[in-house]
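Trainee: Numbering (our numbering), first residue to last: 1 to 531. No residue lacks a Cβ here, since even glycine has one placed at the ideal position from N, Cα and C.
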Ligand code: GAP
């Protein structure tokens, strides 16, 4: 390669690595504060695998709890399970993953680097090639003379690459002991359907939820944790009587009037991949844009959950999958997409899996997985609507959405306007100084809150620095103990989002925080303003 071509290529590569200024800053924050970072860094790490640090693990657990609370504990019609990661290999034959869970792979004929053909084309040509055949991918590569992004040499033709990680069970390593790490948590729910239904005595319609690790040997993990090889999923399989997919009691007037940003298959066919129109849920169901009412309900419910965590609604849309793009098990899929710095991309998928999975497992296992409809006295195979979230992708999206950089006194300041439910620390407690009994008093206050809220005591550096440390990990409130605290038993409470401060009695702190977190009072009602 000539020096000029090499320089141009380096420039191009650098540009490709740019996720957009905001994403780079959020990633930097994640690395700097130990929220999430590549695993095994001391050994040069490992693409597509990440560890949570002390701050990140709190966010991870809070997000799991928020999801479980919303979709399991708050409902009468959903129960949970926790299935095994390494599962009976026939599960994946039955589910279709052995045959169909593939990505197109191309290899450089010279340097032997491997790439995902569709992503390489999308990166180079800026077009969407979702769902097109290997032959069509090869034709595009040929037509546009696409070459290896690393060494500019010729690429091989595309071949299928199965994304499941393989392992062996027991001491013998041959085909008889071959097993797979699960690429989705969903299959465990289908396999356990009969048992979970029997022991929970749930009647249709009802759902089974699960949170756990999934593994995909992605050819090109990218965009930090957005596409990784090991990640957690939060999945819900909602089972519905096959003749009652439109009997959804939750689509009341209020829900039907909800307005949603939509990108339909029709809009995409007309070339409007990036377009969004606002539609009411009523329009979506009455015009048969979303084919079943239960599917429409789970779309709204998913969006509501994201809104409840503070995601800006204008950054979310739902996009219908094109026919060619549908997974092998789905008859209709809508993605909740977020407007990432790298474009609208999937945050969550909501698929109509029909009776595909239960029927496949019944066929392969020889076991009856149907449901007895006592009313009609017949056995039916339920239809499944599946909302499926990636935990890390959701967390990364929450961080991106909450991230703000402002300039104060000529200095850049980061604020993570994270919802208190997700915030790793809910209350920071500081003594103004370490001396004169202030530290002891602040520790006492911190101890008194600990059982109720995640608190952090910090006495290092200036108060400004301590606020800044808390702001950038999203701590909603900070408490300062000063000399008035010793004399008058008062304290100063600071709100992250407004940076405003109020003074209140120490003994009123716990109740005031409870009210602030539950939203029953505003910050201006929390105490006497500090002017
Ligand atoms: N059971 C259905 C299913 O697994 P999916 O669209 O392949 O559907 C669901 O995955 C969600 O899991 C996605 O919306 C995304 O949030 C997350 N996800 C999928 N692949 C991922 C990856 N490689 N890295 C991180 N998250 C991923």
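Rounded to the nearest angstrom, what separates residue 407 and residue 400 at their Cα positions?
Mentor: 18 angstroms
Trainee: On the DSSP bridge list, what partners appear for residue 279?
Mentor: 260
Trainee: From the DSSP output, in three-state form, read off residue 11 for me.
Mentor: Bear in mind that the predicted position of residue 11 carries a pLDDT of just 49, short of 50, making it too unreliable to give a figure here.
Trainee: Beta carbon of residue 269: closer than 7 angstroms to some heavy atom of the ligand GAP?
Mentor: Residue 269 Cβ: outside cutoff for every heavy atom of the ligand GAP.
Trainee: By the 10 Å Cβ neighbour count, where 16 or more other Cβ atoms means buried, how is residue 160 classified, buried or exposed?
Mentor: exposed
Trainee: Measuring CA to CA, which of 442, 452 and 208 is closest to residue 76?
Mentor: Closest option to residue 76, Cα to Cα, is 208.
Trainee: Between residue 560 and the ligand GAP, is the CB less than 7 angstroms from at least one heavy atom?
Mentor: No answer is possible for residue 560: it lies beyond the span of the chain, which begins at 1 and ends at 531.
Trainee: Run the proximity test for residue 233: is its beta-carbon closer than 7 angstroms to any non-hydrogen atom belonging to the ligand SAM?
Mentor: Absence of the ligand SAM from the depicted structure is noted, with the ligand GAP being the only ligands included.
Trainee: Do the segment 85 to 95 and the segment 473 to 491 touch if we need at least three Cβ pairs shorter than 8 angstroms?
Mentor: no
Trainee: Quick one: measure Cβ to Cβ for residue 211 and residue 67, integer angstroms, because I've assumed they're closer than 8 angstroms.
Mentor: With a Cβ gap of about 7 angstroms, residue 211 and residue 67 count as contacting.
Trainee: With a threshold of 6 angstroms on Cβ separation, who are the neighbours of residue 262 within its own chain once the five nearest residues in sequence on each side are excluded?
Mentor: 277, 279 and 318
Trainee: Three or more beta-carbon pairs under 8 angstroms between the segment 390 to 397 and the segment 464 to 473, yes or no?
Mentor: no
Trainee: What residue ranges within the segment 282 to 313 form continuous alpha helix (DSSP H) runs of no fewer than 4 residues, ordered along the chain?
Mentor: Counting whole runs of 4 or more residues, the segment 282 to 313 contains the alpha helix (DSSP H) stretches 293 to 308.
Trainee: Report, in whole angstroms, the separation of the C-beta atoms of residue 349 and residue 388, which I expect to be a contact under 8 angstroms.
Mentor: 5 angstroms
Trainee: From the DSSP output, in three-state form, read off residue 322 for me.
Mentor: coil
Trainee: For the putative contact between residue 310 and residue 419, defined by C-beta atoms under 8 angstroms, what is the C-beta separation to the nearest angstrom?
Mentor: 4 angstroms
Trainee: Does the segment 222 to 240 touch the segment 34 to 53, meaning 3 or more C-beta pairs lie closer than 8 angstroms?
Mentor: Because the criterion of three Cβ pairs below 8 angstroms is met, the segment 34 to 53 and the segment 222 to 240 touch.
Trainee: Taking only runs that begin and end inside the segment 166 to 234, name each unbroken alpha helix (DSSP H) of 4 or more residues, in chain order.
Mentor: 186 to 191 and 193 to 200
Trainee: Let me know the secondary structure DSSP gives residue 371 once reduced to three states.
Mentor: strand
Trainee: Check whether the segment 182 to 197 touches the segment 103 to 110, counting contact only when three or more Cβ pairs, one atom from each stretch, lie closer than 8 angstroms.
Mentor: no
Trainee: What's the C-alpha gap between residue 365 and residue 173?
Mentor: 24 angstroms
Trainee: What does a CB cutoff of less than 8 angstroms around residue 504 pick up in its chain, not counting 5 residues either side in sequence?
Mentor: Only 490, 491, 493, 512, 526, 527 and 528 meet the Cβ criterion.
Trainee: Starting from residue 56, trace the alpha helix (DSSP H) in both directions and tell me its first and last residue.
Mentor: 54 to 68
Trainee: Taking 8 angstroms as the threshold, find out whether the segment 110 to 125 comes into contact with the segment 245 to 254 through three or more Cβ pairs.
Mentor: no
Trainee: Check residue 413 in the structure and name its three-state DSSP category.
Mentor: strand
Trainee: Using a threshold of 7 angstroms, is the CB atom of residue 389 nearer than that to any non-hydrogen atom of the ligand GAP?
Mentor: yes
Trainee: In the DSSP assignment, what are the bridge partners of residue 29?
Mentor: Residue 29 pairs with nothing; no bridge assigned.
Trainee: Relative to the C-alpha of residue 341, which residue among 166, 461 and 223 is closest?
Mentor: Of 166, 461 and 223, the smallest CA-CA separation from residue 341 is found for 223.
Trainee: How would you call residue 43, buried or exposed, if buried means at least 16 neighbouring beta carbons within 10 angstroms?
Mentor: exposed
Trainee: Measuring straight from C-alpha to C-alpha, what distance separates residue 432 and residue 413?
Mentor: 21 angstroms
Trainee: How many Å lie between residue 180 and residue 163 at the Cα?
Mentor: As the crow flies, the alpha-carbon of residue 180 is around 10 angstroms from that of residue 163.
Trainee: Select from 86, 322 and 239 the residue whose C-alpha is nearest the C-alpha of residue 213.
Mentor: 86
Trainee: If you draw a straight line from the C-alpha of residue 291 to the C-alpha of residue 352, how long is it?
Mentor: 9 angstroms
Trainee: How far does the alpha helix (DSSP H) with residue 89 in it extend, from its first residue to its last?
Mentor: First-last of the alpha helix (DSSP H) with residue 89: 89 to 95.
Trainee: How would you label residue 514, buried or exposed, when you count the other beta carbons within 10 angstroms and need 16 or more for buried?
Mentor: exposed
Trainee: Compute the Euclidean distance between the alpha carbons of residue 328 and residue 217, then round it to the nearest angstrom.
Mentor: 19 angstroms
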